[in-house]
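I have placed the structure first, in the form of C-alpha coordinates, so that the comments after it can refer back to it.
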Amino acid sequence: MNLPEILADLQLILEEYQSRLDHYSDQVFMLSPEIGCWSMAEVYSHVFGTCLMQQKAMEMCMQGQGMEGSAGLNEMGDKLFALGHFPPGKYEAPEALKSRVQNIHKEDAKALATKLLSRIKSVQSEDILNANEDQRMEHPRLGFLNASQWVHFMLIHTKHHLNQLDRIERKFSMC
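Residue numbers (full-length UniProt numbering): 1 to 175.
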(Lines of atoms letter the chains of each structure in order from A and count residues from 1; the text may use other names and numbers.)
(Lines give C-alpha, C1' and ligand atoms only; values in the text may rest on other atoms or scores of the structure.)
Protein backbone atom coordinates (compact mmCIF):
# COMPACT_ATOMS: atom_id res chain seq x y z
CA MET A 1 0.00 0.00 0.00
CA ASN A 2 1.48 3.37 -0.97
CA LEU A 3 1.37 6.53 1.11
CA PRO A 4 -1.53 8.27 -0.70
CA GLU A 5 -3.59 5.09 -0.22
CA ILE A 6 -2.63 4.94 3.46
CA LEU A 7 -3.68 8.58 3.98
CA ALA A 8 -6.95 8.01 2.10
CA ASP A 9 -7.71 4.86 4.14
CA LEU A 10 -6.87 6.69 7.37
CA GLN A 11 -9.32 9.46 6.48
CA LEU A 12 -12.03 6.90 5.72
CA ILE A 13 -11.45 5.09 9.02
CA LEU A 14 -11.57 8.38 10.96
CA GLU A 15 -14.80 9.32 9.15
CA GLU A 16 -16.19 5.92 10.16
CA TYR A 17 -15.37 6.65 13.82
CA GLN A 18 -17.05 10.04 13.43
CA SER A 19 -20.17 8.62 11.81
CA ARG A 20 -20.59 5.89 14.43
CA LEU A 21 -20.91 8.52 17.13
CA ASP A 22 -24.38 9.38 15.80
CA HIS A 23 -25.56 5.83 16.44
CA TYR A 24 -24.59 5.53 20.11
CA SER A 25 -26.75 6.74 22.96
CA ASP A 26 -24.89 8.87 25.51
CA GLN A 27 -25.48 6.23 28.17
CA VAL A 28 -24.27 3.23 26.17
CA PHE A 29 -21.27 5.22 24.86
CA MET A 30 -19.90 5.56 28.39
CA LEU A 31 -20.88 2.10 29.66
CA SER A 32 -18.30 -0.66 29.94
CA PRO A 33 -19.59 -3.90 28.40
CA GLU A 34 -17.96 -5.94 31.16
CA ILE A 35 -15.52 -5.57 34.03
CA GLY A 36 -12.00 -4.92 32.82
CA CYS A 37 -13.09 -3.78 29.34
CA TRP A 38 -13.05 -0.25 28.00
CA SER A 39 -16.25 1.56 27.19
CA MET A 40 -16.66 2.98 23.69
CA ALA A 41 -15.90 6.38 25.23
CA GLU A 42 -12.56 5.10 26.52
CA VAL A 43 -11.72 3.58 23.13
CA TYR A 44 -12.42 6.93 21.46
CA SER A 45 -10.37 8.75 24.10
CA HIS A 46 -7.44 6.40 23.53
CA VAL A 47 -7.60 6.35 19.73
CA PHE A 48 -7.99 10.09 19.23
CA GLY A 49 -5.56 11.02 22.01
CA THR A 50 -2.84 8.75 20.67
CA CYS A 51 -3.52 9.69 17.04
CA LEU A 52 -3.00 13.35 17.93
CA MET A 53 0.33 12.42 19.54
CA GLN A 54 1.26 10.28 16.54
CA GLN A 55 0.33 13.11 14.17
CA LYS A 56 2.57 15.45 16.18
CA ALA A 57 5.45 12.94 15.98
CA MET A 58 4.95 12.68 12.22
CA GLU A 59 4.97 16.47 11.96
CA MET A 60 8.19 16.74 13.97
CA CYS A 61 9.86 14.22 11.65
CA MET A 62 8.69 16.22 8.63
CA GLN A 63 10.04 19.45 10.11
CA GLY A 64 13.46 17.97 10.85
CA GLN A 65 12.86 17.94 14.61
CA GLY A 66 13.17 14.18 15.02
CA MET A 67 16.19 12.22 16.15
CA GLU A 68 18.62 11.51 13.35
CA GLY A 69 20.77 8.41 13.47
CA SER A 70 18.35 6.50 15.69
CA ALA A 71 18.08 2.74 15.34
CA GLY A 72 14.76 2.64 13.48
CA LEU A 73 12.15 -0.02 14.16
CA ASN A 74 12.82 -2.72 16.72
CA GLU A 75 11.86 -6.37 16.19
CA MET A 76 8.27 -5.79 17.29
CA GLY A 77 7.98 -2.79 14.95
CA ASP A 78 9.42 -4.76 12.03
CA LYS A 79 6.90 -7.56 12.59
CA LEU A 80 3.92 -5.21 12.93
CA PHE A 81 4.73 -3.29 9.75
CA ALA A 82 5.44 -6.50 7.81
CA LEU A 83 2.08 -7.91 8.91
CA GLY A 84 0.22 -4.62 8.36
CA HIS A 85 -2.08 -5.13 11.35
CA PHE A 86 -1.98 -6.22 14.96
CA PRO A 87 -1.90 -10.00 15.36
CA PRO A 88 -5.08 -11.40 16.95
CA GLY A 89 -5.26 -10.99 20.69
CA LYS A 90 -5.81 -8.46 23.42
CA TYR A 91 -3.11 -5.87 24.03
CA GLU A 92 -2.36 -3.66 26.99
CA ALA A 93 -1.60 -0.03 26.20
CA PRO A 94 1.67 1.26 27.68
CA GLU A 95 1.11 2.69 31.19
CA ALA A 96 1.87 6.24 30.04
CA LEU A 97 -1.00 6.00 27.56
CA LYS A 98 -3.41 4.05 29.76
CA SER A 99 -3.27 6.79 32.38
CA ARG A 100 -4.54 9.32 29.80
CA VAL A 101 -7.64 7.34 28.82
CA GLN A 102 -10.86 8.92 30.03
CA ASN A 103 -14.52 8.05 29.82
CA ILE A 104 -15.25 11.08 27.60
CA HIS A 105 -18.66 12.37 26.54
CA LYS A 106 -19.86 11.94 22.98
CA GLU A 107 -19.55 15.68 22.32
CA ASP A 108 -15.89 15.55 23.37
CA ALA A 109 -15.32 12.59 21.05
CA LYS A 110 -16.99 14.49 18.19
CA ALA A 111 -14.74 17.50 18.80
CA LEU A 112 -11.62 15.30 18.88
CA ALA A 113 -12.74 13.51 15.70
CA THR A 114 -13.22 16.82 13.89
CA LYS A 115 -9.84 18.13 15.07
CA LEU A 116 -7.96 14.98 14.08
CA LEU A 117 -9.70 14.59 10.73
CA SER A 118 -8.94 18.21 9.88
CA ARG A 119 -5.26 17.70 10.67
CA ILE A 120 -5.01 14.49 8.66
CA LYS A 121 -6.80 16.04 5.67
CA SER A 122 -4.26 18.88 5.68
CA VAL A 123 -1.33 16.45 5.34
CA GLN A 124 0.09 16.15 1.84
CA SER A 125 1.62 12.81 0.92
CA GLU A 126 4.35 14.64 -1.05
CA ASP A 127 5.44 16.45 2.11
CA ILE A 128 5.79 13.15 3.95
CA LEU A 129 7.59 11.52 1.04
CA ASN A 130 10.00 14.47 0.86
CA ALA A 131 10.78 14.29 4.59
CA ASN A 132 14.19 12.98 5.61
CA GLU A 133 13.66 9.28 6.41
CA ASP A 134 16.38 9.48 9.05
CA GLN A 135 14.26 11.90 11.10
CA ARG A 136 12.55 9.63 13.62
CA MET A 137 10.59 9.84 16.84
CA GLU A 138 10.39 7.06 19.40
CA HIS A 139 7.32 4.90 19.83
CA PRO A 140 7.10 3.26 23.30
CA ARG A 141 6.97 -0.27 21.85
CA LEU A 142 7.98 -0.21 18.19
CA GLY A 143 11.27 1.67 18.18
CA PHE A 144 11.93 4.83 16.18
CA LEU A 145 9.47 5.69 13.39
CA ASN A 146 9.90 8.16 10.53
CA ALA A 147 7.08 10.34 9.18
CA SER A 148 5.66 7.79 6.73
CA GLN A 149 5.81 5.03 9.34
CA TRP A 150 3.87 7.21 11.78
CA VAL A 151 1.06 7.62 9.24
CA HIS A 152 1.04 3.90 8.51
CA PHE A 153 0.96 3.12 12.24
CA MET A 154 -2.00 5.50 12.71
CA LEU A 155 -3.89 3.45 10.13
CA ILE A 156 -2.93 0.12 11.72
CA HIS A 157 -3.84 1.41 15.19
CA THR A 158 -7.21 2.95 14.22
CA LYS A 159 -8.24 -0.22 12.34
CA HIS A 160 -7.33 -2.33 15.37
CA HIS A 161 -9.57 -0.27 17.64
CA LEU A 162 -12.39 -0.17 15.08
CA ASN A 163 -12.45 -3.96 15.48
CA GLN A 164 -12.59 -3.43 19.25
CA LEU A 165 -15.60 -1.12 18.81
CA ASP A 166 -17.27 -3.83 16.70
CA ARG A 167 -16.82 -6.30 19.57
CA ILE A 168 -18.25 -3.82 22.09
CA GLU A 169 -21.22 -3.12 19.81
CA ARG A 170 -21.92 -6.85 19.53
CA LYS A 171 -21.89 -7.13 23.31
CA PHE A 172 -24.52 -4.39 23.42
CA SER A 173 -26.36 -5.97 20.41
CA MET A 174 -25.93 -2.82 18.37
CA CYS A 175 -24.83 -4.36 15.09
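We put the beta carbon where it would ideally sit given N, CA and C, even for glycine.
- Between the alpha carbons of residue 62 and residue 127 lies a distance of about 7 Å.
- Counting every other CB atom within 10 Å of its CB across the protein chains shown gives residue 69 a total below 16, marking it as exposed.
- From the listed residues 120, 22, 30, the smallest Cα separation to residue 168 is found for 30.
- Taking a 10 Å sphere around the C-beta of residue 12, we find fewer than 16 other C-beta atoms and assign the residue as exposed.
- In the three-state DSSP reduction, residue 143 falls in the strand class (E or B).
- At a cut-off of 4 residues, the continuous stretches assigned as alpha helix (DSSP H) that sit fully inside the stretch 86–165 are 95–98, 106–121, 125–130.
- Under the three-state reduction of DSSP, residue 67 is assigned to strand.
- Restricting attention to 15, 7, 27, the CA atom closest to the CA of residue 106 is found in 27.
- Membership of residue 29 in the alpha helix (DSSP H) is indicated by the continuous run 26–29.
- In this structure, the straight-line span from the alpha carbon of residue 119 to that of residue 75 is close to 30 Å.
- Here the stretch 134–154 lies against the stretch 50–67, with 3 or more beta-carbon pairs under 8 Å apart.
- Nearest to residue 7 by alpha-carbon distance, out of 162, 166, 149, is 149.
- Fewer than three pairs of CB atoms, one per stretch, sit closer than 8 Å, so the stretch 79–88 makes no contact with the stretch 9–25.
- Distance between residue 141 and residue 160, taken at the CA atoms: about 16 Å.
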